[in-house]
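Participant: Right, I'll just put the structure down here and ask away after.
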Amino acid sequence: MRVIDETGKQLGVLGLEEALRLAYERNLDLIQVTEKVDPPVCKIMDYGKYSYQEKKKTHTATKKQKTSELKGIRLTFNIGQHDMETRARQAEKFLKEGDKVRIDIVLRGREKALGNFAREKIGKFLEVLQGFVLYKIERELKKEMRGFSMIISKQ
1403 MRVIDETGKQ LGVLGLEEAL RLAYERNLDL IQVTEKVDPP VCKIMDYGKY
1453 SYQEKKKTHT ATKKQKTSEL KGIRLTFNIG QHDMETRARQ AEKFLKEGDK
1503 VRIDIVLRGR EKALGNFARE KIGKFLEVLQ GFVLYKIERE LKKEMRGFSM
1553 IISKQ
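In our numbering, the protein residues as written are 1403 to 1557.
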């Protein structure tokens, strides 16, 4: 196995017994860093310090990851043009932050029988949104209990 000492200097390819003896003499541990290469790489260092550094490395990696949330935009059947543009700007803000946007149109009472008009309203909303930002459809328009919904994300 290839052995590296605590200062980072390579000691060369050594046998297991000799590497363990060197680690024991220095009151340190022999840690296998990687086994994917031939010969495997081992380091002479303090195991507590090594495990702390690994935890710290994984913590900072998960901290840097951005999870995309699902944000919602709710439209009504009788939405006005200005309100639609306001909601489109809000959806644009969500998309630029990297979030997915769920667009809902809520139907009440007799509006539930007018599904085609609701589809047209969502189509108009998507046209208005197209003027602000490019998007792709994650989930097609789907009929739900209280209306229709779809999910879009940034292209």
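Here a beta-carbon is modelled for each residue, glycine too, at the ideal position from N, C-alpha and C.
Please name the residue or residues paired with R1404 in a DSSP beta bridge.
Facilitator: V1415 and V1443
Participant: Less than 8 Å separating the beta-carbons of R1504 and G1474?
Facilitator: Contact flag set, yes.
Participant: State the Cα-Cα distance for the pair G1511 and I1539, rounded to the nearest angstrom.
Facilitator: 28 Å
Participant: Is the distance from the Cβ of L1430 to the Cβ of I1446 below 8 Å?
Facilitator: Result yes, Cβ atoms of L1430 and I1446 sit closer than 8 Å.
Participant: Look at I1524 and R1541 and say whether their C-beta atoms are less than 8 Å apart.
Facilitator: no
Participant: With contact counted as at least three CB pairs below 8 Å, one residue from each stretch, are the stretch 1493-1508 and the stretch 1462-1477 in contact?
Facilitator: yes
Participant: Tell me which residues share the same chain as Y1449 and place their Cβ nearer than 7 Å to its Cβ, disregarding the 5 neighbours each side in the sequence.
Facilitator: Its chain contains D1431 and I1433 as the residues whose beta carbon lies nearer than 7 Å to that of Y1449, once the 5 sequence neighbours on both sides are disregarded; these appear in chain order.
Participant: Would you check if the distance between the CB atom of L1531 and the CB atom of A1493 is smaller than 8 Å?
Facilitator: In contact: L1531 and A1493 (Cβ atoms closer than 8 Å).
Participant: Alpha carbons only, please: which of R1548, C1444, K1526 and V1535 is nearest the one belonging to E1513?
Facilitator: R1548
Participant: Where do the N-terminal and C-terminal ends of the beta strand (DSSP E) with F1550 fall, by residue?
Facilitator: G1549 to K1556
Participant: Any idea what DSSP makes of K1502, helix, strand or coil?
Facilitator: strand
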